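**Q** Take a look at this one; I'll ask things after.
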Amino acid sequence: MGTLLSWWVWKNWRAANPNADLSKVYMLNSTVSCNIVKTMAKAEGFKNDVTLTGFKWMGNLADKLRQEGNLVILAWEESIGFMPGHSLDKDGVIAAGMFAELAVWLNHEGLTLNEQLFKIYFQYGFHLTKTSYWMVSNPQITKQLFADHRKDLKYPAQIGGQKVRFIRDLTTGYDNEQVGNKAVLPLSTSSEMITFTLENGSLATLRASGTEPKIKYYIELKTDPGKEEKDLQSVLDELGELEKNVVETLLQPQRYGLQPRA
């Protein structure tokens, strides 16, 4: 849904503003949301910024950007929340109306939502996500697992057959994609969160739940453009393999005594 709405909002805004300065046009999303917006932004020329999870962060950033003379046309989060238009918080009513407009337009064009989604994937590449978690019996185990990953800044260098290109640790503020290895996102020292970006652009994020005894993982498999619906199964197989490698390399359930979700 986030992919479809992002495409729809961008399509309509660009048609209405063909000569606008795109350096001042933003879409926002949270760190654990699908990165297809980032891919769209690079291809089309607008800006994409990410925030910590939660609409207070996206709302505050949108307000700041607007005060600086920028335009935020959409913000959204992985957990199915959308902040369209001038809103500074998630607004399901407006989002539902926008999605209905999209569905009506596609029907007029002889397309289904599913068919349009594959057209977007063909243009920008598949961006498939998987989210799950493992249960932890003791909070100290969570601390130990994350501490082991960041010990002496020797984070895992490879996940499966893919090398890790970038690491963002928002508990410590380390981010080797940024100047000086310093994260631009706010620190969250009271919680654990590390994101691994692989050489092929795929992502894996480990995040300790703040309310339950679990460690969540967010995985995104990214492919090159040009793949079609017939390629879906092979891409899903790749996603399954990435999930398996993330669990074995980063979570190591046997070592830490983690229990699978029921």
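All residue numbers for the sequence shown refer to our numbering, where the first residue is 2 and numbers rise by one.
Glycine included, each C-beta is placed from N, C-alpha and C at the ideal position.
Source: prediction; values computed, not measured.
Buried or exposed for K57, please, with buried defined as at least 16 other CB atoms from any protein chain shown within 10 angstroms of its CB.
**A** Here residue 57 refers to the residue found at position 56 when the sequence shown is read from its first residue. K57 is exposed by the Cβ-count criterion.
**Q** With respect to the alpha helix (DSSP H) encompassing M41, which residues constitute its N-terminal and C-terminal limits?
**A** Start at 1 with the first residue of the sequence shown, and residue 41 comes out as number 40. It spans 37-45 - the alpha helix (DSSP H) in which M41 sits, taken as one unbroken run.
**Q** Quick one: any contact between the segment 115-133 and the segment 218-225, if contact means 3 or more CB pairs under 8 Å?
**A** Flag = yes, the segment 115-133 and the segment 218-225 touch.
**Q** Roughly how many angstroms separate the alpha carbons of F147 and E193, rounded to a whole number?
**A** Counting from 1 along the sequence shown, the entry for residue 147 is found at position 146. Counting from 1 along the sequence shown, the entry for residue 193 is found at position 192. Those two C-alpha atoms are separated by around 7 Å.
**Q** What span of residues does the alpha helix (DSSP H) with G161 cover, start to end?
**A** For the purposes of this step, residue 161 is identified with residue 160 of the sequence shown, where counting begins at 1. That residue, G161, is in no alpha helix (DSSP H); it is neither H nor E in DSSP.
**Q** Nearest by alpha-carbon distance to G98: which of F83, G111, H109 is it?
**A** On the sequence shown, position 97 is the one that residue 98 refers to. Measuring from the Cα of G98, the nearest candidate turns out to be F83.
**Q** For Y134, which residues of its own chain have a beta-carbon under 8 Å away from its beta-carbon, when the five flanking residues on both sides are left out?
**A** If you number the sequence shown from 1, residue 134 lands on position 133. The residues are S210, K215, I216, K217, Y218, R262.
**Q** Which residues in the same chain have their Cβ closer than 8 Å to the Cβ of G174, if we skip the five residues on either side of it in sequence?
**A** Residue mapping note: residue 174 aligns to position 173 of the sequence shown, counting from 1. Excluding residues within five positions, the ones whose Cβ falls inside 8 Å are K183, A184, L188.
**Q** In terms of alpha-carbon separation, which member of T198, K144, S203 lies closest to E178?
**A** Here residue 178 refers to the residue found at position 177 of the sequence shown. Checking every option, the nearest Cα to that of E178 belongs to T198.
**Q** Could you please give me the residues that DSSP links to P85 through a beta bridge?
**A** Start at 1 with the first residue of the sequence shown, and residue 85 comes out as number 84. Beta-bridge pairing links P85 to L75.
**Q** Quick check: the Cα distance between L137 and E213, rounded to an integer number of angstroms?
**A** Here residue 137 corresponds to residue number 136 of the sequence shown, with the count starting at 1. Here residue 213 corresponds to residue number 212 of the sequence shown, with the count starting at 1. Here residue 137 turns out to be Val, not Leu, going by the sequence shown. Cα to Cα, the separation comes out at about 9 Å.
**Q** Round the Cβ separation of V26 and K48 to the nearest angstrom and send it over; I've been treating them as touching at under 8 Å.
**A** Sequence index remark: in the sequence shown, residue 26 carries index 25 (1-based). Sequence index remark: in the sequence shown, residue 48 carries index 47 (1-based). That pair is a contact at about 6 Å.
**Q** Between the Cα of T143 and the Cα atoms of N20, R256, V165, A21, which residue gives the shortest distance?
**A** Taking the sequence shown and counting its residues from 1, the one referred to as residue 143 is at position 142. Comparing Cα-Cα distances from T143 to each of N20, R256, V165, A21, the minimum goes to R256.
**Q** Using 8 Å as the Cβ pair cut-off and three pairs as the minimum, do the segment 29-44 and the segment 150-160 touch?
**A** No: the two stretches stay apart, fewer than three of their Cβ pairs being nearer than 8 Å.
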